[in-house]
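Taking the working numbering, I'd label the letters of the sequence shown as residues 1 to 184.
We put the CB at the ideal spot given by N, CA and C, even for glycine.
Quick notes on the structure that follows.
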Amino acid sequence: MNKKAQGIHIVAILGSVRPDNNTSKVLALVVDEIKKHPDVTLEIIDPNELDLPLPGKDEKSSAERLKKTVSSASGLILSTPEYNGSYSSVIKLIIEHLGEPSALLGKPVVLLGVASGSIGAVKALEHLASVCLNEGAIVLPGVVSVARVHKIFPAPGQCQDKGLEKLIRGLADTLLNYVRQQNH
């Protein structure tokens, strides 16, 4: 079956396991934007629902499901908080379980990062983009870094900065436009 006949399937990966995490509050905007497209299916990978072993240990069925989910995606949204100047260990663990060659190979990806600091998740997104490129993903332009996330997002999907909200929602259009262009 060709890609066009299958439709568009987007996978959003949440990069935090903390309760009431800021990353999910911001990701909610992109998810909302994707849901406005009736021809697109969306699957959210919440690492709290996975049982991933450390790399090198026996693979579990959740790791196989993760790999299949990412392999079936038309495109991906990777979201991460910035911890200690880089992306979260949760995102790293997920990437480690995508196989060799990686299920990211040839997949278009948009990146979203959040941080409480004044410069946002710039370092995390630089590192994550580098790893995604190394794994063969197509990192699309328009990476979004949210600074002072705890002040700007009081609740999931509620952004106090309308300009920033437009950039975040724009990730959905960037990804969908690319996928649609590739399907023609």
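With a CB to CB cut of under 7 Å and the five nearest residues on each side skipped, what residues in its chain are close to residue i?
i           : result
residue 175 : 10, 75, 77, 108, 110 and 140
residue 119 : 147
residue 179 : 8, 74, 75 and 108
Once the 5 residues before and after residue i are set aside, which same chain residues still bring their CB inside 6 Å of it?
i           : result
residue 114 : 22, 23, 26, 81, 121, 146 and 149
residue 103 : 67, 70 and 71
residue 156 : 25 and 28
residue 33  : 169 and 172
residue 5   : Here the model assigns residue 5 a pLDDT of 43, short of 50, so the residue's position is not dependable and the matter cannot be decided.
Please classify residue i as buried or exposed, where buried requires at least 16 other C-beta atoms within 10 Å of its C-beta.
i           : result
residue 91  : buried
residue 19  : exposed
residue 54  : exposed
residue 15  : buried
residue 38  : exposed
residue 133 : exposed
residue 79  : buried
residue 2   : Low per-residue confidence applies at residue 2: pLDDT is 36, beneath 50, and the placement is therefore not dependable, though the value from the model is reported in the following sentence. So residue 2 counts as exposed.
residue 47  : buried
residue 130 : exposed
residue 127 : buried
residue 97  : buried
Which partner residues of residue i appear in the DSSP bridge assignment?
i           : result
residue 110 : 77
residue 23  : None, per the DSSP bridge assignment.
residue 138 : 108
residue 103 : Note: residue 103 sits in no beta bridge, so no partner.
residue 158 : 155
residue 145 : 113
residue 45  : 13
residue 40  : 8
Would a check of beta-carbon distances place residue i closer than 8 Å to chain C?
i           : result
residue 102 : Going by chain labels, chain C is absent from the structure shown, which holds only one protein chain.
Can you give me the Cβ contacts of residue i inside the same chain, cut-off strictly under 8 Å, excluding the 5 residues immediately before and after it?
i           : result
residue 207 : In the structure displayed, the chain extends from 1 to 184; residue 207 sits before or after that span and is not available.
residue 181 : none
residue 160 : 151, 152, 153 and 154
Helix, strand or coil for residue i, going by three-state DSSP, please let me know.
i           : result
residue 121 : coil
residue 185 : Residue 185 lies beyond the stretch modelled for the chain, which goes from 1 to 184, so this question has no answer here.
residue 171 : helix
residue 72  : coil
residue 86  : strand
residue 51  : coil
residue 35  : coil
residue 93  : helix
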